[in-house]
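Below: one structure, written as structure tokens.
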Amino acid sequence: MGREKTLNSINRRGGLINAALFLVLLFLILICLCVGKYSISAGDCLKILVGQIFHLEQNWNGMDENMLLGVRFPRTMASVMVGASLALSGAVYQGIFKNPLVSPDFLGVSSGACVGAAIAILMSLPSGLVQVSAFLGGLAAVFLTVAIPGLMRSDSNIMLVLSGIIVGGAMSSILGFIKYIADPETQLAAITYWQLGSFAYVNNAAVLSVLPLSIIATLVLLAMSWWINVLSLGEQEAKSLGADVRKLRGICIICSTILTAGAVCISGTIGWVGLVVPHFGRMTAGSDNRILLPACCCMGGIFMLLVDTVTRIIGPAEMPVSILTGLIGAPFFAWLLYRQRRNVR
Amino acid sequence: MSSDTLKLKSHIKKRALSVIVLIMAAVLMLSGCGVSSGGAASPDKAPGTVISETENELTIIDQAGREVTVNRDPQSIALCYRVVVRFLLNLGVGDRISGMGKTEPFLEDVQPSLKETVDVGKGVADIEALASLKPDLFIHKASDTETLDAVQNIGIPSVGIDVESPEEMLTALDILGKVCGAEERALELSEYYETSVEMTLELAGTVSDNKKKTAIVMGSSIGKVADGSMLQGKMLESAGAVNCAADLKSAELWPTAGTEQIFSWDPDYIFITGSGASYTADDIYSDPAWSEMKAVKGKHVFMIPSAYDSWEFPGIVSSLGIEFMMSTMYPELLSDEQLEHDVTDFYMMAYGMELSREKLGY
Numbered sequence: 001m002g003r004e005k006t007l008n009s010i011n012r013r014g015g016l017i018n019a020a021l022f023l024v025l026l027f028l029i030l031i032c033l034c035v036g037k038y039s040i041s042a043g044d045c046l047k048i049l050v051g052q053i054f055h056l057e058q059n060w061n062g063m064d065e066n067m068l069l070g071v072r073f074p075r076t077m078a079s080v081m082v083g084a085s086l087a088l089s090g091a092v093y094q095g096i097f098k099n100p101l102v103s104p105d106f107l108g109v110s111s112g113a114c115v116g117a118a119i120a121i122l123m124s125l126p127s128g129l130v131q132v133s134a135f136l137g138g139l140a141a142v143f144l145t146v147a148i149p150g151l152m153r154s155d156s157n158i159m160l161v162l163s164g165i166i167v168g169g170a171m172s173s174i175l176g177f178i179k180y181i182a183d184p185e186t187q188l189a190a191i192t193y194w195q196l197g198s199f200a201y202v203n204n205a206a207v208l209s210v211l212p213l214s215i216i217a218t219l220v221l222l223a224m225s226w227w228i229n230v231l232s233l234g235e236q237e238a239k240s241l242g243a244d245v246r247k248l249r250g251i252c253i254i255c256s257t258i259l260t261a262g263a264v265c266i267s268g269t270i271g272w273v274g275l276v277v278p279h280f281g282r283m284t285a286g287s288d289n290r291i292l293l294p295a296c297c298c299m300g301g302i303f304m305l306l307v308d309t310v311t312r313i314i315g316p317a318e319m320p321v322s323i324l325t326g327l328i329g330a331p332f333f334a335w336l337l338y339r340q341r342r343n344v345r
Numbered sequence: 346m347s348s349d350t351l352k353l354k355s356h357i358k359k360r361a362l363s364v365i366v367l368i369m370a371a372v373l374m375l376s377g378c379g380v381s382s383g384g385a386a387s388p389d390k391a392p393g394t395v396i397s398e399t400e401n402e403l404t405i406i407d408q409a410g411r412e413v414t415v416n417r418d419p420q421s422i423a424l425c426y427r428v429v430v431r432f433l434l435n436l437g438v439g440d441r442i443s444g445m446g447k448t449e450p451f452l453e454d455v456q457p458s459l460k461e462t463v464d465v466g467k468g469v470a471d472i473e474a475l476a477s478l479k480p481d482l483f484i485h486k487a488s489d490t491e492t493l494d495a496v497q498n499i500g501i502p503s504v505g506i507d508v509e510s511p512e513e514m515l516t517a518l519d520i521l522g523k524v525c526g527a528e529e530r531a532l533e534l535s536e537y538y539e540t541s542v543e544m545t546l547e548l549a550g551t552v553s554d555n556k557k558k559t560a561i562v563m564g565s566s567i568g569k570v571a572d573g574s575m576l577q578g579k580m581l582e583s584a585g586a587v588n589c590a591a592d593l594k595s596a597e598l599w600p601t602a603g604t605e606q607i608f609s610w611d612p613d614y615i616f617i618t619g620s621g622a623s624y625t626a627d628d629i630y631s632d633p634a635w636s637e638m639k640a641v642k643g644k645h646v647f648m649i650p651s652a653y654d655s656w657e658f659p660g661i662v663s664s665l666g667i668e669f670m671m672s673t674m675y676p677e678l679l680s681d682e683q684l685e686h687d688v689t690d691f692y693m694m695a696y697g698m699e700l701s702r703e704k705l706g707y
């Protein structure tokens, strides 16, 4: 009876935290849509947004509408989606591999996606196909990472992590070779863009092409949050609780890979989000994945949205997002380590 | 442990420390020697200054500020900085290029012997290939002094040039004319370029400030723009436009202003770089988000001609880029017929070729 009461109170607290985070995210989306170098008043922004929802007669500037719906809206959605995807996959990986230092690209997905994009750029394919190639590159890299332990008839997590290092290293070398043979005056800058990460060139088509798969992968992971709790107990304990560890871990990896590859497709590689946000999530929402995973989605979205808005509005020229995520993420991670220094020993 | 043993240990430590310090000093001295054995730095003298000349040799300050001694009238020239090729072709010494990196159809049509050159690296110099080729002269970008010094150290005179602004481009032409034994031709090319730019500046001067068109040049991706320090930005200004991105302060070439900033500028004209743009004017016209922009409404989005030869390449060809921009924005000042006449004249003067509009794609 007492245990049930405690569980209910935890669920209620988790629900409240997630509801609060979701409301903060919605509020920030509205705020960020209203700020930028192009001046639109908050009133006009609201008028345009409400007008779109209720099909009101247009009595606002067409240019303002294009800016808000054609430029800022896809960019805002992309930053929320990328932040949520990276934070969620980071939290899932950290849970199932019981390793707090794991980030979403540790199975080589980001470097694989960069190689995919670089090959497409080298072949002068149109930008839509560069995205597809990046996505397939990410999936191929993870497939390789997962296949190596299989070839060695090993099922251990350590082998998978080491395999990720092998594939990541190989992909970095391939990328280095592609950059070496790329045209320094035309192709090199485009390849470097994939490595630095930016939302400057996002449009509605890019977001919509990735959105359905990302939503499905997110829903699957959120639905599996209880099983991720079980996996985070360790392989032996999970097996003793009746979990099919191999199958569950496989589904988690596939979904997280889709999320990360989709994120890289839209914005290029963005570091630190998937590593740091889950830690902050655990500090706020606890380590129960049923509460933690949705909280990470919201926090990742909030973090990325704020960072991208800052890069969008400060300075005359935009700086790559990764620079700012690194500047914030690295000291924050150091502070986390300081706080948890006793546990780390 | 006895005091003798401790003394011995301390002595050994001190000796070991001295040896390490000596080794480090030797390494530093040797690395210093490596630099000075290349082109010696002469920061006080202006690039292009001739320090001394004999019947066979010429000592000149290159655009990296290095003092370089080269053989007069080199018969074999190597480079892995593609920009240089056009300069050498214009100077009439293209047949002396024996080693280079990437080539392109236009360059090969002008100088078929380029197909037979040795690959000495694309952007990054292949020192081994250069050592085997042993050219009389190696020309490279001035900012890459490490490569210039490394090539100099294997006994190949290496000259650094810089072409990012019109002033630097003219200095580069002057230096290349001197080191290639084509001084008179270099002077002729400089005069041609200066006359052309002066003509457009004079025409641009007739436009009052409040009637000047606003414009930008976008780079390889939508949102990247040429700022005031870039050649393309200066070309816009020479063509009588106000470059909206002139004051963007950024260390990178083609800084990302972002779509939102471009919307905020709402320029009258948008020019797209012809070198490696991943989009076309039609992509801009068909994107509903851009439909209310002045440049889109007025159908004023243009790609700088580059189908065969790029008119925004650093070099005297950029005078055509300026004329193209001016004729596009102010047809009443520089007519299409005048542009066509000047283009024909340019290719005849620079390459001895007659090229059609279709071939050049303008």
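If you're matching them up, the sequences are chains A and B in order.
Mind the numbering: the first sequence is residues 1 to 345 in the numbering used here, read in order.
Mind the numbering: the second sequence is residues 346 to 707 in the numbering used here, read in order.
Beta carbons are placed, not taken as given, at the ideal position from N, Cα and C, and that holds for glycine.
None of these values were measured; they are calculated from a predicted model.
Start and end of the alpha helix (DSSP H) containing residue i?
i: residue 528 of chain B; result: 528-550
i: residue 300 of chain A; result: 289-313
i: residue 485 of chain B; result: Looking at the DSSP string, residue 485 of chain B is not in any alpha helix (DSSP H); the run it does join, the beta strand (DSSP E), is 482-486.
i: residue 702 of chain B; result: 702-705
i: residue 616 of chain B; result: Not the alpha helix (DSSP H): residue 616 of chain B falls in the beta strand (DSSP E), residues 614-617.
i: residue 578 of chain B; result: 576-583
My output table needs one value for residue i: the three-state DSSP class, helix, strand or coil.
i: residue 336 of chain A; result: helix
i: residue 398 of chain B; result: strand
i: residue 50 of chain A; result: helix
i: residue 422 of chain B; result: strand
i: residue 107 of chain A; result: helix
i: residue 216 of chain A; result: helix
i: residue 13 of chain A; result: helix
i: residue 98 of chain A; result: coil
i: residue 514 of chain B; result: helix
i: residue 625 of chain B; result: coil
i: residue 642 of chain B; result: helix
i: residue 41 of chain A; result: coil
i: residue 64 of chain A; result: helix
i: residue 129 of chain A; result: helix
Looking at the secondary structure, which residues open and close the beta strand (DSSP E) in which residue i lies?
i: residue 492 of chain B; result: Not the beta strand (DSSP E): residue 492 of chain B falls in the alpha helix (DSSP H), residues 490-498.
i: residue 560 of chain B; result: 559-563
i: residue 166 of chain A; result: Taken as a continuous stretch (DSSP letters only), residue 166 of chain A belongs to no beta strand (DSSP E), being part of the alpha helix (DSSP H) at 157-181.
i: residue 445 of chain B; result: 442-445
Looking at chain A, is there any beta carbon in it that lies within less than 9 Å of the beta carbon of residue i?
i: residue 469 of chain B; result: yes
i: residue 608 of chain B; result: yes
i: residue 462 of chain B; result: no
i: residue 611 of chain B; result: yes
i: residue 601 of chain B; result: yes
i: residue 572 of chain B; result: yes
i: residue 380 of chain B; result: Reliability fails at residue 380 of chain B, whose pLDDT of 36 lies under 50, so the model's placement of it is uncertain and the value that follows must be treated cautiously. No, its Cβ sits nowhere closer than 9 Å to a Cβ of chain A.
i: residue 624 of chain B; result: yes
Do you know offhand how far residue i's Cα is from residue j's?
i: residue 279 of chain A; j: residue 33 of chain A; result: 28 Å
i: residue 513 of chain B; j: residue 587 of chain B; result: 22 Å
i: residue 208 of chain A; j: residue 255 of chain A; result: 18 Å
i: residue 164 of chain A; j: residue 250 of chain A; result: 15 Å
i: residue 274 of chain A; j: residue 510 of chain B; result: 43 Å
i: residue 420 of chain B; j: residue 442 of chain B; result: 8 Å
i: residue 568 of chain B; j: residue 611 of chain B; result: 13 Å
i: residue 152 of chain A; j: residue 146 of chain A; result: 11 Å
i: residue 245 of chain A; j: residue 93 of chain A; result: 14 Å
i: residue 150 of chain A; j: residue 258 of chain A; result: 21 Å
i: residue 555 of chain B; j: residue 393 of chain B; result: 40 Å
i: residue 333 of chain A; j: residue 276 of chain A; result: 6 Å
i: residue 455 of chain B; j: residue 435 of chain B; result: 10 Å
i: residue 664 of chain B; j: residue 323 of chain A; result: 38 Å
Could you check which residue in the options has the C-alpha nearest to that of residue i?
i: residue 475 of chain B; options: B:501, B:459, B:485, B:452; result: B:501
i: residue 711 of chain B; options: B:585, B:479, B:628, B:634; result: Any question about residue 711 of chain B goes unanswered here, given that chain B covers just 346 to 707.
i: residue 613 of chain B; options: B:596, B:628, B:635, B:531; result: B:635
i: residue 644 of chain B; options: B:656, B:661, B:615, B:659; result: B:615
For a cutoff of 9 Å on Cβ pairs, would you count residue i as touching chain B?
i: residue 175 of chain A; result: no
i: residue 69 of chain A; result: yes
i: residue 105 of chain A; result: no
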